Every structure is written in structure tokens, then in C-alpha cells.
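S.K.:
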Amino acid sequence: MTTTISNSILTAEIKHIGAELCSLKDNFNKEYIWGGNPAFWGKHSPVLFPIVGTLKDNSYQQNNVQYQLSRHGFAREMEFELIDKQEDSATFSLVSSSETKEKYPFDFDLHLIYTLENKSLKIEYKVFNNGNTKMPFSIGAHPAFDLPGNFENYSLAFEKKETLNYYLLKDGLISDTTDELHLDKSELHLNYGLFANDALVFKNIASKSITILEKSKPFLKVSYSDFPDLGIWTPSNAPFICIEPWFGYSDTVNKFGNLFEKEGIQILEANATFHSAFSIEIL
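Anchor point for the sequence shown: position 97 equals 96 in numbering that gives the first Met the number 0, and the numbering is continuous, going up by one each time.
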């Protein structure tokens with residue numbers, strides 16, 4: 000099942016499984032979201048919750064009980080309830096249950112709110128801690144943007160001129176090794192070799208927006224001022240790029256096992272609410 004929202008400029012379609020954005024089109028019927036061909040990657044724009052990335056051995060301990068939690072968490076695979084629908088907005092909810100507590104023993108309500116505003120789609124995350132204890136979590140976005148044609152015709156323009164050091168992954172975990180991206184001014188020219196070792200992971204990145212350009216012409220901008228961390232990824236030869244604002248990332252190779260001690264984790268007080276948002280703007 001899907002829900003469609005629209006305004007005078009854009010139309011967005013959201014799947015109820017994962018409350019996942021699966022289409023964003025303009026008035027000329029141009030599609031900006033990856034179509035989900037499983038030959039490359041069968042997703043479009045999943046939400047990552049209650050973890051981002053991978054845990055060591057896909058497990059952690061809480062109150063001396065070991066839990067299994069797979070890469071990027073479970074929210075992206077679960078059916079959300081549509082709790083509010085307007086012409087240009089939709090709100091989805093996922094509430095903790097006996098099924099989620101087998102993997103994550105906390106009481107939560109996760110809301111994804113999609114709102115079209117002129118030429119932008121605003122995506123909000125609200126996490127409610129419905130329990131009486133502190134709750135550790137990470138949350139992140141994973142939108143894949145369609146790049147038809149020659150991948151090397153595209154580039155990413157970072158908001159700020161900065162030295163971009165990224166962390167190398169080892170078996171899906173954050174290693175101690177970093178490397179530096181070499182930009183042409185503030186622009187990263189895309190090629191598949193950049194992703195030979197999986198995603199590029201940036202901690203506490205200064206740039207809070209990235210613009211995608213085709214042959215030096217900008218056509219889409221992702222803004223994520225709330226988010227400290229960022230991933231950029233594509234599989235080999237795939238015609239899309241993922242720009243992923245995150246709160247948190249994979250376990251590091253040296254520290255793992257306790258979510259409360261996990262690097263990059265958010266700790267939400269009992270009966271408190273977390274809120275963040277990012278936007279996708281068509282240029």
C-alpha cells in the first residue's frame with residue numbers, strides 16, 4: 000500500500016512498509032528517486048532505526064540479555080500506520096510491540112512526517128520514548144537519487160570548503176583508518192572507485208547541504224542542518240547516489256556491545272521526544 004501527496008509543483012509517493020519514500024516527481028514527470036531495481040539495490044529511501052549501520056556480530060547486550068539487531072535496524076521492514084493525511088502531507092507511525100521488543104527492549108513511537116513545501120519535500124523524524132527509562136537509539140535517512148546516463152557526468156557540491164576526511168569501513172564496522180577526499184573547489188566528481196570499500200562515512204561534517212550536479216548544472220539539493228553525521232554510497236555500476244544524513248553510525252572495530260556506550264548514539268530521556276528534519280529540494 001502507498002500514499003500519495005502533492006502540491007502544484009511536486010508529487011511524492013510513500014510506501015506504508017517502512018514509511019519509505021519511493022517516488023518524487025515534478026510537473027514534467029521527472030523522477031528523482033531511485034526505482035529500486037533489486038539487481039543493484041531493492042530500496043528507495045529507507046529509514047534507519049533504531050541503529051544506523053552495523054553492530055559487531057549484529058548483536059548487543061542490555062541488562063545482561065543479548066539481543067540480535069541486523070544492519071540499519073528493523074523499522075525499514077515494518078508496516079507503519081498512516082495517522083494523518085492532508086493533500087500535501089502525510090504522517091506515519093510505528094509503535095513498539097512484542098515483535099520489536101525481541102530485538103530492542105524499549106517502548107517507543109516513531110513518526111515519519113512528509114510535507115511538500117513549494118519545490119521541496121521536508122522529511123521529519125519524531126522519536127517518542129514512551130518508557131520510564133532512558134532509551135539509546137540512532138536514526139538516519141538513506142535516500143537514493145536517480146542518476147540516469149553516465150555516472151561520471153555527475154558531481155556533488157558541498158556547502159562548505161572543508162577538508163573532507165572519511166572513515167574506512169572494515170567488515171561493515173568503522174575502522175581507525177581515515178582517508179581524505181580531494182575536491183575540485185567544493186565539488187566531488189563522482190566515480191565508482193570512490194565506493195570500492197563501501198560507503199564514505201563522515202563524522203561531524205561541517206557542510207549541512209549537498210547539491211547534485213549533472214554536467215555542472217545543479218538539479219537537486221539535500222539539506223540536513225540537524226544531522227551531525229553523513230554517509231554517501233552507491234554499489235558498483237548502479238545509476239544512483241545515496242546521500243544519507245545520520246545520527247550515529249556503525250560500531251567501531253574497538254568498541255561494541257553496549258548501546259548506551261556506542262559512539263554516536265542518542266540517549267532519549269524517559270517520556271521525552273526527539274525531533275529532526277531534512278529536506279530534498281528540486282532546483
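Even for Gly, the Cβ is constructed at its ideal location relative to N, Cα and C.
Just so you know, these numbers come straight off a predicted model, no measurement behind them.
Using CA atoms only, rank isn't needed, just tell me which of ASP108, TYR124, LYS214, LEU267 is closest to GLY148.
M.R.: Position 149 of the sequence shown, counted from the start, is the residue given in the question as residue 148. The option with the nearest alpha carbon to GLY148 is LYS214.
S.K.: On the premise that PHE79 lies in contact with PHE136, defined as a C-beta separation below 8 Å, what is that separation, rounded to the nearest angstrom?
M.R.: The sequence position of residue 136 within the sequence shown is 137, counting from 1. The sequence position of residue 79 within the sequence shown is 80, counting from 1. That pair is no contact at about 17 Å.
S.K.: Along the beta strand (DSSP E) that carries THR53, what are the first and last residues, could you check?
M.R.: On the sequence shown, position 54 is the one that residue 53 refers to. Run containing THR53: none; DSSP gives neither H nor E here.
S.K.: What is the residue span of the beta strand (DSSP E) that LYS220 lies within?
M.R.: Within the sequence shown, numbered from 1, the residue matching residue 220 stands at position 221. That run of the beta strand (DSSP E) goes 216-222.
S.K.: Give me the residue from GLY72, LYS220, PHE277 with the minimum Cα distance to GLU98.
M.R.: Sequence index remark: in the sequence shown, residue 98 carries index 99 (1-based). The shortest Cα separation from GLU98 among GLY72, LYS220, PHE277 belongs to GLY72.
S.K.: According to DSSP, which residues form a beta bridge with GLY230?
M.R.: Your numbering for residue 230 matches position 231 in the sequence shown. Answer by DSSP bridge pairing, in chain order: VAL200, GLU243.
S.K.: Would you mind stating whether GLN65 and ASN57 have Cβ atoms separated by less than 8 Å?
M.R.: Mapped onto the sequence shown, residue 65 falls at position 66. Mapped onto the sequence shown, residue 57 falls at position 58. Not in contact: GLN65 and ASN57 (Cβ atoms no closer than 8 Å).
S.K.: Considering only the alpha carbon of each residue, which of ASP228, ASN62, TYR113, LYS102 lies closest to TRP245?
M.R.: As a working note, residue 245 is residue 246 in the sequence shown. Comparing Cα-Cα distances from TRP245 to each of ASP228, ASN62, TYR113, LYS102, the minimum goes to ASP228.
S.K.: Could you say which of PRO37, THR1, THR210 lies nearest to LEU20 if we only look at CA atoms?
M.R.: Residue mapping note: residue 20 aligns to position 21 of the sequence shown, counting from 1. Ranking PRO37, THR1, THR210 by Cα distance to LEU20 puts THR1 first.
S.K.: So, ILE4 versus SER88, is the Cβ gap smaller than 8 Å?
M.R.: Residue 4 sits at position 5 when you count from the first residue of the sequence shown. Residue 88 sits at position 89 when you count from the first residue of the sequence shown. Yes, the Cβ-Cβ distance between ILE4 and SER88 is below 8 Å.
S.K.: Residues in the same chain with beta-carbon distance under 8 Å from THR162, minus the five sequence neighbours each way, listed in chain order, please.
M.R.: Walking along the sequence shown from the start, residue 162 turns up at place 163. The residues are GLU179.
S.K.: Quick one: Cα of HIS43 to Cα of ALA18, how far?
M.R.: Here residue 43 corresponds to residue number 44 of the sequence shown, with the count starting at 1. Here residue 18 corresponds to residue number 19 of the sequence shown, with the count starting at 1. Spanning the two alpha carbons is a distance of roughly 11 Å.
S.K.: Does the beta-carbon distance from ALA276 to LEU115 come in below 8 Å?
M.R.: Here residue 276 is taken as the residue at index 277 of the sequence shown, counted from 1. Here residue 115 is taken as the residue at index 116 of the sequence shown, counted from 1. No.
S.K.: Given a threshold of 16 other Cβ atoms within 10 Å of its Cβ, counted over all protein chains shown, does HIS274 qualify as buried or as exposed?
M.R.: Within the sequence shown, the letter at position 275 stands for residue 274. HIS274 should be labelled exposed.
S.K.: Determine contact between the segment 98-111 and the segment 127-136, defined as no fewer than three beta-carbon pairs at a distance below 8 Å.
M.R.: Yes: the two stretches touch, three or more of their Cβ pairs being nearer than 8 Å.
S.K.: Does DSSP put THR162 in a helix, in a strand, or in coil?
M.R.: The residue given as residue 162 occupies position 163 in the sequence shown. Reduced to three states, the DSSP call for THR162 is coil.
S.K.: Measuring CB to CB, does LEU199 end up less than 8 Å from GLY230?
M.R.: As a first step, residue 199 is located in the sequence shown; it is residue number 200 there, counting from the start. As a first step, residue 230 is located in the sequence shown; it is residue number 231 there, counting from the start. Yes. Within cutoff.
S.K.: Pick helix, strand or coil for ASN257, following the three-state DSSP scheme.
M.R.: Stepping through the sequence shown from its first residue, residue 257 is reached at position 258. Strand at ASN257.
S.K.: Under 8 Å, do ALA156 and ILE209 count as touching if we go by C-beta distance?
M.R.: Mapped onto the sequence shown, residue 156 falls at position 157. Mapped onto the sequence shown, residue 209 falls at position 210. Contact flag set, yes.
S.K.: Just mark ILE122 as buried or exposed, buried being the case when its beta carbon has 16 or more other beta carbons within 10 Å.
M.R.: Residue mapping note: residue 122 aligns to position 123 of the sequence shown, counting from 1. It is buried - the Cβ of ILE122 has at least 16 other Cβ atoms within 10 Å.
S.K.: Which full runs of the beta strand (DSSP E) of 3+ residues lie inside the segment 109-151, going along the chain?
M.R.: Correct list: 119-128, 134-136, 138-140, 143-145.
S.K.: Evaluate PRO45 with the Cβ neighbour count: other Cβ atoms within 10 Å of its Cβ, from every protein chain shown; 16 or more gives buried, anything less gives exposed.
M.R.: Looking up residue 45 in the sequence shown gives position 46. Buried: at least 16 other Cβ atoms inside 10 Å.
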